[in-house]
Structure formats: C-alpha cells, structure tokens
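To start, the structure under review is shown below, and the notes come after it.
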C-alpha cells in the first residue's frame, strides 16, 4: 500500500540482455498493480540505463519535456545487446500491459 501517491517511484527489471530470459513480459504485473513506472534495463550493456532517471527528473521538476543535455561518460558495455531481442521484449511488454491484471492477492 502506497502511503503517498505524490512520491514518484520507478521499478526496474535488470538483466534484460540475457537471451534466455527467466521473467517473461506477461508475468511483469507488480508495477501495474501498484501504479508504478517500469523499465527493462541492463546494467552490463547500459541498455535503457538513463530512462528511470529521466522519468524521475521529469516528475520531480514537473516538466514532461525535460531532456538530459549530455550523456555521462560510461564504462564500455560488458555485453552487447541484441537490438532485435530488445525490440521483441518491448513489444511483449506492450502486449502484456494491455492485458487485464490477474485476480490474485500479493503479500506486498
């Protein structure tokens, strides 16, 4: 239960770079139940690393058009992301988000 709806919260799913993904998009529903923003990210490949921070900055500043001006100096990625796989995961997440939430109670 959220005590204050005005505090922006982002939930991140890491390790999206793994080809044999264990958590499928259709099972990622917690953020929808709790009305949280969600992003798939990969710390090793730097995939979507900036999106949670940009979303939070936009919410905190109150400007949906806020953009970061320069990319930070990042360490080179430890793995290479398959862009086709990322596009597939993104589409799966969109399809899953359009489905009704399952009728189950969680302990959180």
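Numbering (full-length UniProt numbering), first residue to last: 1 to 108.
Think of the CB as a built atom: it goes at the ideal place given N, C-alpha and C, for glycine as much as any other residue.
None of the values given here were measured: they were computed from a predicted structure.
Subject >> Straight-line Cα distance separating residue 13 from residue 37 >> reply: Here residue 37 refers to the residue found at position 37 when the chain shown is read from its first residue. Here residue 13 refers to the residue found at position 13 when the chain shown is read from its first residue. The alpha-carbon atoms of residue 37 and residue 13 are separated by roughly 11 Å.
**OP:** Taking residue 54 as part of the alpha helix (DSSP H), name the residues at either end of that continuous run.
**Re:** Residue numbering aside, residue 54 sits at position 54 when the chain shown is read from its first letter. Where residue 54 is concerned, the enclosing alpha helix (DSSP H) stretches over 51–61.
Original post:
By DSSP, does residue 88 sit in helix, in strand, or in coil?
Top reply: The residue given as residue 88 occupies position 88 in the chain shown. Here residue 88 sits in helix by DSSP.
Original post:
What three-state label does DSSP hand residue 11 in the structure shown?
Top reply: Locating residue 11 in the chain shown gives position 11, where the first residue counts as 1. Residue 11 falls in the strand class under three-state DSSP.
Subject >> Proximal residues to residue 10 (C-beta, below 8 Å), its chain only, five neighbours per side dropped >> reply: Within the chain shown, residue 10 is the residue found at index 10, counting from 1. Closer than 8 Å at the Cβ level, and outside the excluded window around residue 10, lie 36, 37, 38, 39, 52, 55 and 56.
Subject >> Where the alpha helix (DSSP H) through residue 68 begins and ends >> reply: Stepping through the chain shown from its first residue, residue 68 is reached at position 68. Annotation: residue 68 is outside any alpha helix (DSSP H) and is labelled neither H nor E by DSSP.
**OP:** Could you spell out the range, first to last residue, of the beta strand (DSSP E) harbouring residue 99?
**Re:** Residue 99 sits at position 99 when you count from the first residue of the chain shown. Neither: residue 99 is in no beta strand (DSSP E) and is coded neither H nor E.
Original post:
Taking contact to mean at least 3 C-beta pairs separated by less than 8 Å, is the segment 22–36 in contact with the segment 82–93?
Top reply: Yes, they touch.
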